[in-house]
Amino acid sequence: MAQAKSIDTSPQDEIDQLSKQIVTLREDISAISKTLSGLGGATRDAAVDGARRKVSELRHTGEQQLHAAQHRAEEMGQQAADAVRSQPAAAVGIAVGVGFLLGFMTGRK
Numbered sequence: 706m707a708q709a710k711s712i713d714t715s716p717q718d719e720i721d722q723l724s725k726q727i728v729t730l731r732e733d734i735s736a737i738s739k740t741l742s743g744l745g746g747a748t749r750d751a752a753v754d755g756a757r758r759k760v761s762e763l764r765h766t767g768e769q770q771l772h773a774a775q776h777r778a779e780e781m782g783q784q785a786a787d788a789v790r791s792q793p794a795a796a797v798g799i800a801v802g803v804g805f806l807l808g809f810m811t812g813r814k
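This is the structure:
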């Protein structure tokens, strides 16, 4: 803190007081730096933990969606197999038609 000059202080006293204030200021700046460093480390650790937690959640959700998609694909494959067994002529006709269309589309230049 700045102190008002008194009339009976010598220049050497003022220099000594200023030196003490500079030392105190350095200690305060050092303490502030340590506090900010600790705060930065804690914030970083919290961010890393949050990111890991989110990655784990996303991985779990992705696995659930993958299993659901696989299950749905198996169901659709079973339905298609059942449809071919119940109506083989229609299935052959559709396959021939799709093959003709694909050949027609890819054969043209």
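For the sequence shown, this note's numbering gives the first residue as 706, with consecutive numbering after it. Ideal placement from N, C-alpha and C gives every residue a C-beta, glycine not left out.
{"query": "Nearest-angstrom Cβ-Cβ length linking V803 and A796, presumed shorter than 8 Å", "result": "Wrong, their Cβ atoms sit about 11 Å apart, outside the cutoff."}
{"query": "Same chain, Cβ closer than 7 Å to E779, neighbours up to 5 away in sequence not counted", "result": "none"}
{"query": "Simplified DSSP state of S715, which is helix, strand or coil", "result": "coil"}
{"query": "Rounded separation between M810 and L771 - CA only", "result": "33 Å"}
{"query": "Local conformation of Q783 per DSSP, three classes", "result": "helix"}
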